[in-house]
Amino acid sequence: MKIAVFGTNISDEYKSKAEEVIHSFIANGFDVSIYKDFKSALDSASFSIGNLPEFTEIKENSFDILLSLGGDGTFLKCAHLCYATNTPILGINFGKLGFLAQTNPDDIDFIIKDIQNKKFSIRQRTVLDFSYATDKEILNGIGLNEITLQKSNTVKLIKINVYVGKEFLCSFWADGVAVSTPTGSTGYSLSLGAPILAPENHSLIITPIAPHTLSMRPIIIPDTETITIEATGEYTDFLLSNDFLSQTIQANPSVVIKKSPHTISTVEFKDSSFFCTLRQKLKLGIDIRK
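Just so you know, the sequence shown maps onto residues 291 to 580 in the numbering used here.
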């Protein structure tokens, strides 16, 4: 089985554990390759993972599983690298919360055994496509968690118009608006007060960011709909963000967001279900007064 190891940067305290994870897969007969920039980040005078094959991009059917070593931010970068290939991602958490990268590196022996015995499932996660037109071209991108459009450089609110399909939904004044996937419902969307959706849910969440009126609330719509967001504002540029990426738009934008034909495949184990993760990571239902 071919395994690709992806990462960005990793603190010195985790380097030996990362080396242990990589060598565990090698010792168990897996064909391991490593992301070139990550290998450079790991290598030092006192640390080396040897002469592993390197890669800079993921091609379709080139690997069986892609290991993401890091936190949820690393997982998102990994997803952007491979989203068009449908290569399954296994997130091994070297970060803090670890909602996407939910596997503990201390459990690597059990993980490898389950992979060898094919005791895992593949979950398909929704990806968003977005596009907007400038005077010269049409720009586009993807988001696994969310797409947001916000004011960039003023304390003034911006006016946002939202359309679902061809139908006008509403206008409101706010700092911005976020469109989230079920995967993103436990990220930025959650901090905005939106509900949590199970990853299998075929819905999207439209959430205002700091709206001026109390009547504005998150809205859940089917993921078959196309969402158009228009924004206007005085003395401000606009910040369009997709996951960990962002870009500044100077003209009043009109952003079209829809479900992508691509999905992100994630490796799931029996003892790491979504609801189990909610209890462990978000302390769902736990009475902290005790």
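The beta-carbon is built from N, C-alpha and C at its ideal position, and this holds for glycine as well.
For clarity, every value in this text was computed on a predicted model and none was experimentally measured.
- Message: Considering only their Cβ atoms, is the gap separating Phe-559 from Phe-410 smaller than 7 Å?
- Response: The residue you call residue 410 lines up with position 120 of the sequence shown. The residue you call residue 559 lines up with position 269 of the sequence shown. The answer is yes: Cβ separation under 7 Å.
- Query: What separation, rounded to the nearest whole angstrom, lies between the Cα atoms of Glu-490 and His-552?
  - Reply: Within the sequence shown, residue 490 is the residue found at index 200, counting from 1. Within the sequence shown, residue 552 is the residue found at index 262, counting from 1. Near 15 Å, if we compare the C-alpha coordinates of His-552 and Glu-490.
- Query: What is the DSSP secondary structure of Ala-335, counted as helix, strand or coil?
  - Reply: Taking the sequence shown and counting its residues from 1, one reaches residue 335 at position 45. Bear in mind that a pLDDT of 44 at Ala-335, under 50, signals an unreliable position, so the number given afterwards is only what the model happens to contain. Assigned with DSSP and collapsed to three states, Ala-335 falls in coil, not helix or strand.
- Task: Spell out the partners DSSP gives Phe-296 in its beta bridges.
- Result: Numbered from its first residue, the sequence shown carries residue 296 at position 6. Ser-358.
- Inter-residue Cα distance where the pair is Lys-441 and Met-291: Residue mapping note: residue 441 aligns to position 151 of the sequence shown, counting from 1. Residue mapping note: residue 291 aligns to position 1 of the sequence shown, counting from 1. Lys-441 and Met-291: Cα-Cα distance of roughly 47 Å.
- Query: Mind checking Val-445: buried by the 16 CB within 10 Å criterion, or exposed?
  - Reply: Against the sequence shown, residue 445 aligns to sequence position 155. Around the beta carbon of Val-445, fewer than 16 other beta carbons lie within 10 angstroms, which makes this residue exposed.
- Message: Taking the straight line between their C-alpha atoms, what separation do you get for Asp-354 and Trp-463?
- Response: For the purposes of this step, residue 354 is taken as the residue at position 64 of the sequence shown. For the purposes of this step, residue 463 is taken as the residue at position 173 of the sequence shown. Answer to the nearest angstrom: the Cα atoms are 47 Å apart.
- Task: Apply the 10 Å Cβ neighbour rule to Asn-383 and answer buried if 16 or more other Cβ atoms are within range, or exposed otherwise.
- Result: By 1-based counting over the sequence shown, the position of residue 383 is 93. Buried, by the Cβ-count rule.
- Spatial distance of Val-311 from Asn-443 (CA atoms): As a working mapping, residue 311 is identified with position 21 in the sequence shown. As a working mapping, residue 443 is identified with position 153 in the sequence shown. So the alpha carbons of these two residues sit roughly 44 Å apart.
- Out of Ala-331, Lys-548, Asn-299, Lys-329, point me to the one whose CA is closest to Gly-455's CA. Taking the first residue of the sequence shown as 1, we reach residue 455 at position 165. Nearest neighbour of Gly-455 by Cα position, chosen from Ala-331, Lys-548, Asn-299, Lys-329, turns out to be Lys-548.
- Message: Using C-beta distances below 7 Å, list every residue in its chain close to Glu-350, excluding the 5 sequence neighbours before and after it, in chain order.
- Response: Here residue 350 refers to the residue found at position 60 when the sequence shown is read from its first residue. Contacts found: Thr-375.
- Can you tell me whether DSSP reads His-370 as helix, strand or coil? As a first step, residue 370 must be located in the sequence shown, where it is residue number 80. Three-state result, His-370: helix.
- Item | The alpha helix (DSSP H) enclosing Lys-305, as first and last residue numbers | As a position in the sequence shown, residue 305 is number 15, starting the count at 1. Note, Lys-305: alpha helix (DSSP H), 302 to 317.
- Query: By Cβ distance below 7 Å, which residues in the same chain neighbour Ser-562 in space, the five residues on each side in sequence not counted?
  - Reply: Along the sequence shown, one-based indexing puts residue 562 at 272. Result list for Ser-562: Gln-392, Thr-393, in chain order.
- Query: Excluding sequence positions up to five away, which residues of its chain have a Cβ less than 6 Å from the Cβ of Thr-377?
  - Reply: Residue 377 sits at position 87 when you count from the first residue of the sequence shown. Exclusion of the five residues before and after Thr-377 leaves Ile-348, Phe-353, Leu-356 as the residues of its chain whose Cβ lies within less than 6 Å of its Cβ.
- Is it the case that the Cβ atoms of Thr-364 and Gly-297 are separated by a distance below 7 Å? Residue numbering aside, residue 364 sits at position 74 when the sequence shown is read from its first letter. Residue numbering aside, residue 297 sits at position 7 when the sequence shown is read from its first letter. Cβ atoms of Thr-364 and Gly-297: closer than 7 Å.
- Just confirm the distance between the C-beta atoms of Val-557 and Leu-380, as a whole number of angstroms; I'd bet it's less than 8 Å. Residue 557 sits at position 267 when you count from the first residue of the sequence shown. Residue 380 sits at position 90 when you count from the first residue of the sequence shown. With a contact defined as Cβ atoms closer than 8 Å, Val-557 and Leu-380 qualify at about 4 Å.
- For Gln-392, three-class secondary structure by DSSP: In the sequence shown, residue 392 corresponds to position 102, counting from 1. Reduced to three states, the DSSP call for Gln-392 is coil.
- Task: Quick one: grab the DSSP three-state call for Ile-348.
- Result: For this step, residue 348 is matched to residue 58 along the sequence shown. Three-state result, Ile-348: coil.
- Query: Relative to the C-alpha of Phe-345, which residue among Phe-389, Ser-358, Ala-294 is closest?
  - Reply: Residue numbering aside, residue 345 sits at position 55 when the sequence shown is read from its first letter. The shortest Cα separation from Phe-345 among Phe-389, Ser-358, Ala-294 belongs to Ala-294.
- Query: By how many angstroms is the C-alpha of Pro-485 removed from the C-alpha of Lys-449?
  - Reply: Taking the first residue of the sequence shown as position 1, residue 449 is located at position 159. Taking the first residue of the sequence shown as position 1, residue 485 is located at position 195. Distance between the alpha carbons of Lys-449 and Pro-485: 24 Å.
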